[in-house]
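In what follows, a structure is listed as structure tokens, so that the remarks can point back to it.
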């Protein structure tokens, strides 16, 4: 196989990964890492490096739109980025010492967990009485919903902060955005409305990934020959996914189909990890 | 959305001359958009050059052996770009992409300072410091 064919295959695969990642809300990294390692036999470190770059591209591209719409709470985002960047730094440094097959197994486990989460019903809870700490940090806000501004508060800051350290650690270790874990921290623990938690999570992913990426690039994980088609493909795929999402409402069977595909990929990663074939 | 500009004008009328969260959101949106556009243009340009030169050689990504000097250090990348090496140009684009969210944090420090929000100026400064520590210690270990 020549470089040009290899590049075209990655480009098409990354486009599909970006598309699927955007439709499921899981992000492109979830599909790009198995594609590179299992199908194209690329070393997992290069796969992680290319993935983190594509994560920054999609996060920044999408955040630009959400921030303008006033959905993102930049104070919550900025405050929790202390946790995610510190976690990401730890994870990126750890990734050098953790054997590749353990990374693959952990990747599969997080992937299954995220697939299950994507199936959950999305219930919005609005907290009006927030904790004193949230008051001190000025975390409450408003967001536009069907033409009206909805006010919301925030609770359990410490729990959310801890979960964000973990989300950052996983992001740095596996080269993914770990958006699912960030949403758990904000939606389930801190009780932030769904629209705000998903967009703020996306807003934070870019900075979290940048903290890992500056470590990866110096360690040689980011190989231009792989990162180039991955970042272009994933970004274009994510943009087309966003267009489709605007036009159609996600159906239940489609979400199940994605969850099943993702679980199959996850099981493959775990299987190859256990057999030390990665 | 369409009603957004009107809403921003209303807030600005209420707080004449003051720098508001909505202004900060607008600037942050622009930083991210320009960053992604510029970096992707550079990556595509470098990619075309890379494929013209190396398109017919065999890819070797099966095992990890770090990357050459000219794509892993800032000096190396600058030197490579000056010599017109496709991979170095791609890497330059990727560096611009990585810097984009970092610039967003740096701008937030300025924005919160203009809002006279000391707490969040400090919080943004802490985030930037962590990223700088990552940059400086990335090689150690």
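Residue numbers (our numbering), protein chains in the order written: chain R, 1 to 278; chain U, 1001 to 1141. Think of the CB as a built atom: it goes at the ideal place given N, C-alpha and C, for glycine as much as any other residue.
{"Item": "Residue 163/R versus 178/R, 150/R, 153/R and 151/R, residue with shortest Cα-Cα distance", "Value": "178/R"}
{"Item": "Residue 141/R, enclosing beta strand (DSSP E) - first and last residue", "Value": "141 to 145"}
{"Item": "Interface partners of residue 1035/U on chain R, CB under 8 angstroms", "Value": "60"}
{"Item": "Cβ-Cβ distance between residue 175/R and residue 278/R below 8 angstroms", "Value": "no"}
{"Item": "Coil, strand or helix - residue 149/R by DSSP", "Value": "strand"}
{"Item": "Closer than 9 angstroms at the beta carbon, the chain U residues around residue 169/R", "Value": "Going along chain U, no residue has its Cβ under 9 angstroms from residue 169/R, so there is no contact; the nearest lies around 13 angstroms."}
{"Item": "Close-in-space but distant-in-sequence residues of the same chain around residue 209/R (CB under 7 angstroms, 5 per side omitted)", "Value": "52, 55, 56, 59, 171 and 177"}
{"Item": "8 angstroms Cβ shell around residue 1004/U - same chain, five flanking residues per side excluded", "Value": "Only weak support is given to the placement of residue 1004/U: the predicted model assigns it a pLDDT of 43, under 50, and the value that follows is read from those uncertain coordinates. Cβ neighbours of residue 1004/U beyond the five flanking positions: none."}
{"Item": "Any C-beta of chain U under 8 angstroms from that of residue 178/R", "Value": "no"}
{"Item": "Cβ distance (whole Å) where residue 62/R is taken to contact residue 1033/U below 8 angstroms", "Value": "About 11 angstroms separates the two Cβ atoms, so there is no contact after all."}
{"Item": "Where residue 29/R meets chain U, residues with beta-carbon distance less than 7 angstroms", "Value": "Those within 7 angstroms of residue 29/R in chain U number zero; the least Cβ separation is about 15 angstroms."}
{"Item": "Residue closest to residue 226/R, alpha-carbon to alpha-carbon, out of 1/R, 2/R and 6/R", "Value": "6/R"}
{"Item": "Short CB-CB distance (under 8 angstroms) between residue 1108/U and chain R", "Value": "yes"}
{"Item": "Sequence-distant residues of its chain with Cβ nearer than 7 angstroms to residue 194/R (five each side left out)", "Value": "122, 124 and 187"}
{"Item": "Residues of the region 41 to 53 of chain R with Cβ closer than 7 angstroms to any Cβ of chain U, in chain order", "Value": "41, 42, 43, 45, 46 and 53"}
{"Item": "Helix, strand or coil at residue 234/R according to DSSP, with G and I counted as helix", "Value": "helix"}
{"Item": "CA nearest to the CA of residue 236/R, picked from 1103/U, 1040/U, 1086/U and 1024/U", "Value": "1040/U"}
{"Item": "Sufficient close CB pairs (3 or more, under 8 angstroms) joining the region 72 to 88 of chain R to the region 1090 to 1100 of chain U", "Value": "no"}
{"Item": "DSSP-derived helix/strand/coil call for residue 60/R", "Value": "helix"}
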